[in-house]
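Mapped onto my numbering, the consecutive letters of the sequence shown carry residue numbers 11 to 213.
Report on the following structure.
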Amino acid sequence: MDEVGRGSLAGPVSVGVVVIDVDSRPAPDGVRDSKLLSPAQREVLVPAIRSWAFASAVGHAEPEEIDEFGLTAALRLAGERALAQLPEPPDLVLLDGSHDWLTRPTVQGDLFADTTAAGDRWGLRAAPRVTTRVKADLTCASVAAASVLAKVERDGLMRVLGTQVPDYGWAFNMGYSSPEHVQALERIGPSQWHRRSWNLPGV
């Protein structure tokens, strides 16, 4: 499992999950962390990854959810939405990095009342075990593949949103900070898809 969009100024945070088993064939040639691939390379890999994986999915948390709950909780929500699309929960989830943002806190109030959440679908006892590994996107093919799926799907969403607010240049910067994006924020302010709780440059 891997996330994309964490540092973006606008749009969702997205989490990809790719499930493999011990008998899985070797990963498709070229699978590596999405940041090391060109957009064209990522697009070509998507059907190969989906064919290779036992199951795969991408979940999203919207900007207003990031603003309301915070980034870590939004990542968890996006991850649970990805897991909820799978036919059954995996035995183990490997997260890139050193922080487990997927496991629910002991006390969460109404934070995850969303009925699409994996914990609600399977019950918390059935939630998968989570482990972390620094640089897993460079050393584990399933994590790298998850980053590719999440990146391609999120980029597609940002291009669609960018047609509605073209001044921000989302077709090219995907919601991340860039000179064109910052200049548009200074000129016209944030859109409904910006993360209003963030310290947006130029605002």
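Each residue gets a CB set at the ideal place from its N, CA and C atoms; glycine is no exception.
Proximal residues to Ala65 (C-beta, below 7 angstroms), its chain only, five neighbours per side dropped
If you number the sequence shown from 1, residue 65 lands on position 55. These residues qualify, in order along the chain: Val29, Leu96 and Pro97.
Where the beta strand (DSSP E) containing Arg139 begins and where it ends:
The residue given as residue 139 occupies position 129 in the sequence shown. Arg139 -> beta strand (DSSP E) spans Arg139 to Arg143.
Contact set for Gln193: own chain, Cβ-Cβ below 8 angstroms, skip 5 residues either direction
Locating residue 193 in the sequence shown gives position 183, counting from the first residue. Cβ neighbours of Gln193 beyond the five flanking positions: Gly212.
Bridge partners of Ser24, per DSSP?
Residue numbering aside, residue 24 sits at position 14 when the sequence shown is read from its first letter. According to DSSP, Ser24 bridges with Val14 and His70.
Cα-Cα separation, Pro138 to Val41
Locating residue 138 in the sequence shown gives position 128, where the first residue counts as 1. Locating residue 41 in the sequence shown gives position 31, where the first residue counts as 1. The alpha-carbon atoms of Pro138 and Val41 are separated by roughly 25 angstroms.
Run through DSSP, which three-state label would His109 get?
Start at 1 with the first residue of the sequence shown, and residue 109 comes out as number 99. Looking at His109 - three-state DSSP - the assignment turns out to be coil, as it is neither helix nor strand.
Lys45 burial status per 10 Å Cβ neighbour count (16 or more: buried):
Taking the first residue of the sequence shown as 1, we reach residue 45 at position 35. With fewer than 16 Cβ atoms within 10 Å of its Cβ, Lys45 is classed as exposed.
Ser187 - DSSP class collapsed to helix/strand/coil:
Counting from 1 along the sequence shown, the entry for residue 187 is found at position 177. If DSSP states are grouped into helix, strand and coil, Ser187 belongs with coil.
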